[in-house]
Amino acid sequence: MNAGIETIGVFTSGGDAPGMNACIRAVVRTAIFSGLSVTGIRRGYSGMIDGDMTLLDRNSVSSIIQNGGTILKSARSERFFSEKGRRQAADQLRSAGIDGLVAIGGDGTMTGATIFFEEHGIPCVGCPGTIDNDLYGTDETIGFDTALNTALASIDRIRDTADAHNRLFLVEVIGRDAGYIALHSGIGGGAELVLIPETYTGIDEVKNRIHSLMTQHLRSSIVVIAEGDELGGASQIADALRSDEDFDNIDLRVCILGHTQRGGSPSARDRVLASRLGKASVDALMNGKTGVMVGIVNNQLVLTPFLDLVSHHKKINPDIVALSELVS
Ligand code: F6P
């Protein structure tokens with residue numbers, strides 16, 4: 292069965308994530324193996340509106356599995372927010388003969404796909420690709436494992452220099468709305484405190500905890516902060532500490548890891564996850580499934596309707612939050 296689909300369009304959108312190339316490769320090779328054609332849409336929804344497309348064959352995706360970024364480029368498209376932009380995109384897809392879409396990206400990409408599918412009915416399957424790991428419907432998103440290990444490698448290096456000087460480091464990691472990278476890299480890196488958007492720790496408590504660590508134990512401390520924490524990023528928290536005279540004698544440094552976490556060669560785990568999800572997305576389209584995102588939950592492939600993605604928020608595991616507090 293191929294549900295009448297002959298040509299699949301594949302695109303990456305929003306923040307790039309290591310493993311997106313592995314996913315594109317799996318989509319292309321699965322589709323070609325199944326007798327379909329594949330068109331790559333460049334620059335996400337922006338390229339869709341502009342008709343920026345290219346035919347992909349087996350060789351177009353050779354030697355890309357090991358590379359970060361995305362060969363199709365990515366974008367955050369303002370124009371796709373408008374009904375007019377989405378209509379232009381649908382017209383471009385129809386004139387390119389694309390009758391099924393694989394959308395690789397994060398929550399913004401899935402929201403766009405949901406509205407687009409409702410308005411224009413072009414069959415579409417989503418593949419979760421974001422380092423933030425904040426998508427409902429999958430235990431892990433493509434790129435999370437690599438980004439986490441990148442953050443962890445940096446934290447380990449920071450620990451060496453922090454220890455050498457008995458310094459306090461505030462390390463900011465990516466996560467505008469989600470604390471997955473912070474929580475997991477904090478546990479892995481032995482952070483003394485982790486601050487994430489999902490739980491609230493007031494500034495007085497932060498000060499008390501850091502102050503007692505730094506004055507009583509006379510050793511280094513690392514606080515890992517998700518960029519979207521309610522107290523603000525590492526620089527804002529540093530300002531609050533520096534303006535408190537109790538911290539006059541505490542040697543404090545800030546390190547913002549930022550986009551270093553988005554790049555780099557994907558981990559083995561991400562390459563395998565991306566390959567599984569890429570294949571599953573083509574299989575889903577060929578089986579007549581649409582308006583769904585593929586994911587892996589408890590090591591099983593699952594399809595989650597777009598509407599459930601928009602209405603559900605993936606909850607951080609409270610046991611892992613408690614573990615982080617216990618062992619820090
Ligand atoms: O895509 C999500 C994300 O990783 C956020 O957590 C982060 O704030 C954002 O991307 C950064 O986006 P940009 O690269 O557009 O600055």
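First residue of the sequence shown? That's 292 in the working numbering, and the numbers climb one at a time after it. Note that CB positions come from ideal geometry on N, CA and C, so glycine has one too.
What is the C-beta distance between residue i and residue j, in whole angstroms, given that I count them as a contact (C-beta under 8 Å)?
i: G397; j: G420; result: 7 Å
i: V545; j: L461; result: 5 Å
i: K580; j: V416; result: 7 Å
i: A308; j: G569; result: The pair is not a contact, with the Cβ atoms about 13 Å apart (cut-off 8 Å).
i: V485; j: S337; result: Wrong, their Cβ atoms sit about 36 Å apart, outside the cutoff.
i: E483; j: A525; result: Going by Cβ atoms, the distance from E483 to A525 rounds to 14 Å, so no, they are not a contact pair.
i: I446; j: I513; result: 6 Å
i: A442; j: L548; result: 6 Å
i: G470; j: I607; result: 6 Å
i: G523; j: R467; result: Not really, about 12 Å apart at Cβ, beyond 8 Å.
i: G360; j: G554; result: 7 Å
i: I395; j: T303; result: 5 Å
i: V393; j: L347; result: At roughly 12 Å, the Cβ-Cβ gap does not stay under 8 Å, so V393 and L347 are not in contact.
In three-state terms, what does DSSP make of residue i?
i: T345; result: strand
i: P309; result: coil
i: Q552; result: helix
i: G579; result: coil
i: P274; result: Limits of the chain in this structure are 292 at one end and 619 at the other, which puts residue 274 out of reach.
i: I273; result: Since the first residue shown for the chain is 292 and the last is 619, residue 273 is missing from the structure and cannot be characterised.
i: L426; result: coil
i: T421; result: coil
i: I296; result: coil
i: I449; result: helix
i: I406; result: helix
Quick one: what's residue i bridged to in DSSP?
i: C546; result: V462
i: S304; result: Answer is none; S304 lacks a bridge partner.
i: V588; result: Q591
i: P557; result: DSSP output for P557 lists no bridge partner at all.
i: V393; result: V301, V416
i: I433; result: G420
Measuring from the CB of residue i, is there a heavy atom of the ligand GTP at a distance below 7 Å?
i: T421; result: This structure lacks the ligand GTP; its bound ligands are the ligand F6P.
Ignore the nearest five residues each way along the sequence and tell me which others in residue i's own chain have a CB closer than 8 Å to its CB.
i: H502; result: D537, F538, I541
i: Y491; result: E521
i: L564; result: G310, E431, I433, D436, I587
i: L426; result: G397, D398, M401, P419, T432, M584, G586, L600, K605
i: Q552; result: I422, A438, T441, A442, V464, I465, I472
i: A559; result: none
Give me, in chain order, the residues of the same chain whose beta-carbon lies closer than 6 Å to that of residue i; leave out the 5 immediate sequence neighbours on both sides.
i: H475; result: L439
i: V497; result: none
i: S566; result: A313, A317
i: F252; result: Because the chain spans 292 through 619 in this model, residue 252 falls outside it and cannot be assessed.
i: A380; result: M339, I340
i: L370; result: The sequence given here places Arg at residue 370; Leu does not occur at that position. Answer for R370: I340, G376, listed in chain order.
Is the CB of residue i under 8 Å away from at least one CB in chain C?
i: S337; result: No chain C appears in the structure shown, which is made up of a single protein chain.
Within its chain, find whatever has a CB closer than 7 Å to the CB of residue i; leave out the 5 residues flanking it on each side and keep chain order.
i: E410; result: R377
Could you name each continuous alpha helix (DSSP H) segment of 4 residues or more that falls completely within the segment 456 to 531, going from the start of the chain to the end?
-> 471 to 479, 494 to 507
At what residue ranges does the segment 312 to 368 contain a whole run of the alpha helix (DSSP H), taking only runs of 4 or more?
-> 335 to 341
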